[in-house]
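The opening position of the sequence shown corresponds to residue -8 in our numbering, with each subsequent residue numbered one higher.
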Amino acid sequence: MNETQAVHGRTAWRRRLESLCLILTAAAGYLTISGCAVNSEVRRTAYSAAMTDIPTEMQKVSIPPYRVEPPDILLIEVVNNIRPSNDPLRAGDELVIRASGTLPVDATEDPVEKDFKQVNGVYRVQTDGTVDLGPEYGSVLVEGLTLLKSRAAIDKHLRNEVGLVNPKVAVSLPNVNGKQLISGEHLVRPDGTVALGVYGSVYVNGLNLDEVKIAVEQHLAKFMHQPEIQVDVLAYNSKVIYIVADGAESGESVVRVPFTGNETVLDAMSQVDGLSEVAAKNNMWVARPGPHGSEVAQKMYVDWRGITQDAVTTTNYQLLPGDRIYIKADPLVAADGFIAKFTVPMSRLFGITLLGNGTVNSIKSGTNTGGGGFF
-8 MNETQAVHGR TAWRRRLESL CLILTAAAGY LTISGCAVNS EVRRTAYSAA
42 MTDIPTEMQK VSIPPYRVEP PDILLIEVVN NIRPSNDPLR AGDELVIRAS
92 GTLPVDATED PVEKDFKQVN GVYRVQTDGT VDLGPEYGSV LVEGLTLLKS
142 RAAIDKHLRN EVGLVNPKVA VSLPNVNGKQ LISGEHLVRP DGTVALGVYG
192 SVYVNGLNLD EVKIAVEQHL AKFMHQPEIQ VDVLAYNSKV IYIVADGAES
242 GESVVRVPFT GNETVLDAMS QVDGLSEVAA KNNMWVARPG PHGSEVAQKM
292 YVDWRGITQD AVTTTNYQLL PGDRIYIKAD PLVAADGFIA KFTVPMSRLF
342 GITLLGNGTV NSIKSGTNTG GGGFF
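So this is what it looks like as structure tokens:
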């Protein structure tokens, strides 16, 4: 009977060993198929991409003119910033005033008195809106007047108030620059406008650079004489590419990569340090959204091994704004995460149960032996 039991025991162990070998073989086959083999969709997409004009690494296309949106940063340089001729004078402005036919000067007079009788220099508009021509001629109100009208006001003052017979007056600005220098970086605000300081703001959302230039120049024409500007994009912040990674039953991560117009799949992935340890190399694709209101999108599978190890660029697509690179998790890692959702809570529950039972048994054991419980 002992020999029969021994034979049955060896047979049972052999069967268990054979079952284990079958399981390991199946697992190895699954790994080979799911982790190493190229997805059929990848092969089909790669073949289709090679037969079409989809932009790829070796077949790139020019991007349409860039449209400005928040929160882009624009670099605006003002080439021509001159005050217009009809710009009214204001307190703090400097004027060059020269006049002839003024009061006669005696050679024996004090030098200071001689200077008081001359009108030839730079005069500042005071806070009360007047320019002080000296004690011999008094002050003239010029704030709010144009250069032409201020010259007429000074001429009238010298005739009527001072009593000059035939004075001749010339008035000009020593500095014809505008009120404020606006050259520099300008953020496109959430409402789609850029701030231009004291000149207000201009709506630029959705415009290309040529249209932005025209819009800003037309706005500044209200404050400047024939303004001329240069516009460029300093920071491309509004156009992005999304990289979405499956977390293997642990959520999904999303990373925004700025779009500058020349990125491929490999370029975008290099900015996030490539694939994670849970990623499936044979199951990733680019999802390209369709027009507004359309429920149709373009889905292009990526051969990761082809574009990295073999330098086959067929599926290394040139990316466009709004593209999504989706990376599925490895099936085994995902299965492990799925199982862990059920086993981890149960193991914690069993651990708490065992700990409670052990504590109760310890208390009972201490009571039966006459001990002092825990102490």
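All C-beta atoms, glycine included, are put in the ideal place defined by N, C-alpha and C.
Apart from the five residues just before and just after residue i, which ones in its own chain have a Cβ nearer than 8 Å to its Cβ?
i: A212; result: P218
i: L346; result: none
i: H210; result: L187, Y190, G191, V193
i: L172; result: V69, N72
i: T184; result: S192, V193, Y194, V195, N196
Could you give the first and the last residue of the continuous beta strand (DSSP E) run that contains residue i?
i: K290; result: 289 to 293
i: A186; result: 184 to 186
i: G125; result: Run containing G125: none; DSSP gives neither H nor E here.
i: Q221; result: 219 to 226
i: P56; result: Unbroken run through P56: none, as it is neither H nor E.
i: I233; result: Inspection of the sequence shows that residue 233 is occupied by Tyr rather than by Ile. That run of the beta strand (DSSP E) goes 231 to 237.
i: K319; result: 315 to 320
i: L178; result: 175 to 178
i: V110; result: No beta strand (DSSP E) holds V110; DSSP gives it neither H nor E.
Return the residue from the list the options that minimises the CA-CA distance to residue i.
i: K51; options: S174, L311, Q262; result: L311
i: S244; options: V235, N71, G252; result: V235
i: Q289; options: T299, W295, V277, R296; result: V277
i: P61; options: V335, L225, T305; result: L225
i: V246; options: N253, S261, E240; result: S261
i: R115; options: F107, V103, D106, V131; result: V131
i: D182; options: I343, D327, V59; result: V59
i: V110; options: L155, Q117, A98; result: L155
i: T93; options: N77, T99, L149; result: L149
In the DSSP assignment, find the unbroken alpha helix (DSSP H) run with residue i in it and report its ends.
i: V203; result: 200 to 211
i: K105; result: 102 to 107
i: A143; result: 138 to 148
i: S261; result: 256 to 261
Keeping to the same chain, check which residues put their C-beta closer than 6 Å to that of residue i; ignore five residues upstream and five downstream.
i: S25; result: With a pLDDT of only 49 at S25, under the threshold of 50, the placement of this residue in the model should not be trusted, and no figure is reported.
i: V153; result: Y128
i: V87; result: V113, S163, P165
i: F250; result: K230, V231, I232, P312
i: E85; result: V113, R115, P165
Please classify residue i: is it buried, with 16 or more other beta-carbons within 10 angstroms of its beta-carbon, or exposed?
i: P126; result: exposed
i: K147; result: exposed
i: G349; result: exposed
i: K319; result: buried
i: A337; result: Per the sequence shown, residue 337 should be read as Met rather than Ala. By the 10 Å Cβ count, M337 comes out exposed.
i: I67; result: buried
i: A186; result: exposed
i: D44; result: exposed
i: L124; result: buried
i: S356; result: exposed
i: P56; result: exposed
i: D237; result: buried
i: S141; result: buried
i: A239; result: buried
What distance in whole Å lies between the Cβ atoms of residue j and residue i, which are believed to be in contact at a cut-off of 8 Å?
i: P46; j: Y308; result: 7 Å
i: D314; j: T306; result: No, D314 and T306 are not in contact; Cβ-Cβ is about 13 Å, not under 8 Å.
i: V195; j: A90; result: About 47 Å separates the two Cβ atoms, so there is no contact after all.
i: E48; j: T299; result: Between T299 and E48 the Cβ distance is about 12 Å, and since that is not below 8 Å, they are no contact.
i: E176; j: I64; result: 6 Å
i: L136; j: P79; result: 6 Å
i: A144; j: T118; result: That belief does not hold up - the Cβ atoms of A144 and T118 are roughly 18 Å apart, past 8 Å.
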